[in-house]
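Q: Per this note's numbering, residue 85 is the first one in the sequence shown, and the count goes up by one each step.
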Amino acid sequence: MTINLQEENGTGLLREMLTCVKWMDKRVVTVLSTIHVPTESLPVGKREKDGTITQINCPKAVNDFRRCMGGVNRADMLKSYYAIDRKSRKWWHQLFWHFIHTALVNSFIISK
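(1) Exposed or buried, which one is serine 172 when buried takes at least 16 other CB atoms within 10 Å?
(2) For the alpha helix (DSSP H) holding threonine 186, just list the boundary residues, first then last.
(3) Could you pull the start and end residues of the beta strand (DSSP E) that serine 172 belongs to?
(4) In the DSSP assignment, find the unbroken beta strand (DSSP E) run with valine 115 in it and report its ends.
(5) Here's the rule I'm using: 16 or more other beta-carbon atoms within 10 Å means buried, otherwise exposed. How should tryptophan 175 be labelled?
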């Protein structure tokens, strides 16, 4: 079953259990989700150029993405500060060091 939706700020497509939501605020944001419905939206504040805040509707999938993405960006930022990548011709060495580095960053975040 396919449902196409057109709203004032975004477009949604529902096919079986996969939802694709495309929304534009300043830039186009496209989100694939298996837990959201494209018709769900929440009011969010948008800051205009003159500093005033206006309320616009934002799809729930995009709002959840924006709310939860901060932890991933923070972990990537911490991982980039202390690179322990080792050069190797064997692919599994690079994979091993990647997992060690990720485990160290995650343990640092948990200990804080």
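Even for Gly, the Cβ is constructed at its ideal location relative to N, Cα and C.
A: Reading off the structure:
(1) Reading the sequence shown from its first residue, position 88 is the one you call residue 172. The residue in question, serine 172, is exposed, as its Cβ has fewer than 16 Cβ neighbours within 10 Å.
(2) Position 102 of the sequence shown holds residue 186. First-last of the alpha helix (DSSP H) with threonine 186: 175-195.
(3) What you label residue 172 is simply residue 88 of the sequence shown in a count that begins at 1. Boundaries cannot be given for serine 172, as no beta strand (DSSP E) includes it and DSSP labels it neither H nor E.
(4) Working through the sequence shown from its first residue, we reach residue 115 at position 31. Boundaries of the beta strand (DSSP E) harbouring valine 115: 112-117, taken from the DSSP string.
(5) Position 91 of the sequence shown, counted from the start, is the residue given in the question as residue 175. Label assigned to tryptophan 175: exposed.
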